[in-house]
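Asker: First the structure, which I've put down as structure tokens, then a few questions once you've had a look.
Shown next, in the form of structure tokens:
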């Protein structure tokens with residue numbers, strides 16, 4: 047149940063960001079759910095491989111290269127899902143930063159709700 051709620055909250059965050067950011071678009075709510083699932087899977091499977099392969103660059107940039115890795119993950123989701131599009135690397139970086147921020151807020155609300 048918790049996993050389903052996290053996916054739905056991530057999809058809500060994707061929809062909110064697509065309304066706010068002009069160069070990010072999501073066709074429907076179902077597409078947003080598919081984007082949330084795809085991003086979760088890509089972050090679980092592909093991201094660790096990219097982090098290991100780019101470890102020297104990440105160390106040299108003091109971790110800032112992880113922003114580029116997050117943008118690559120967003121672009122992979124963009125290529126895999128038809129109704130989701132991000133225009134450019136800077137919008138992908140901004141989308142990933144805001145998505146992480148919004149997810150942390152929404153997930154913390156989920157934790158607080160569970161304690162009461």
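Numbering (the numbering used here), first residue to last: 47 to 162. Where a beta carbon is used, it is the ideal one built from N, C-alpha and C, also for glycine.
(1) Given this structure, state the Cα-to-Cα distance separating residue 110 from residue 118, to the nearest angstrom.
(2) List the DSSP bridge partners of residue 132.
(3) From residue 153 to residue 147, what does the alpha carbon distance come to, in whole angstroms?
(4) Taking residue 76 as part of the alpha helix (DSSP H), name the residues at either end of that continuous run.
(5) Please tell me whether residue 129 and residue 72 are closer than 8 Å, where the distance is taken between their beta carbons.
(6) Cβ atoms of residue 78 and residue 61: under 8 Å apart, would you say?
(7) Quick test of your reading: residue 53 and residue 86, contact by CB under 8 Å. State the CB separation rounded to the nearest angstrom.
(8) Out of 150, 157 and 140, state which residue places its alpha-carbon closest to the alpha-carbon of residue 68.
(9) Measuring only the C-alpha atoms, how far is residue 56 from residue 99?
(10) What are the boundary residues of the alpha helix (DSSP H) that residue 113 is part of?
(11) For residue 63, which three-state DSSP category applies?
Answerer: From the atom records:
(1) Taking the straight line joining both Cα atoms gives about 14 Å.
(2) The secondary-structure analysis by DSSP pairs residue 132 across a beta bridge with 70.
(3) Each residue's Cα considered, the two are about 10 Å apart.
(4) Its alpha helix (DSSP H) spans residues 75-99.
(5) Residue 72 sits close to residue 129, with the two beta carbons spaced by under 8 Å.
(6) Contact: yes.
(7) About 7 Å separates the two Cβ atoms, so the contact holds.
(8) When each option's Cα is compared against that of residue 68, the closest is 140.
(9) Looking at the two C-alpha atoms, the distance is approximately 27 Å.
(10) 111-126 is the span of the alpha helix (DSSP H), which, as asked, contains residue 113.
(11) Note: residue 63 maps to helix in three-state DSSP.
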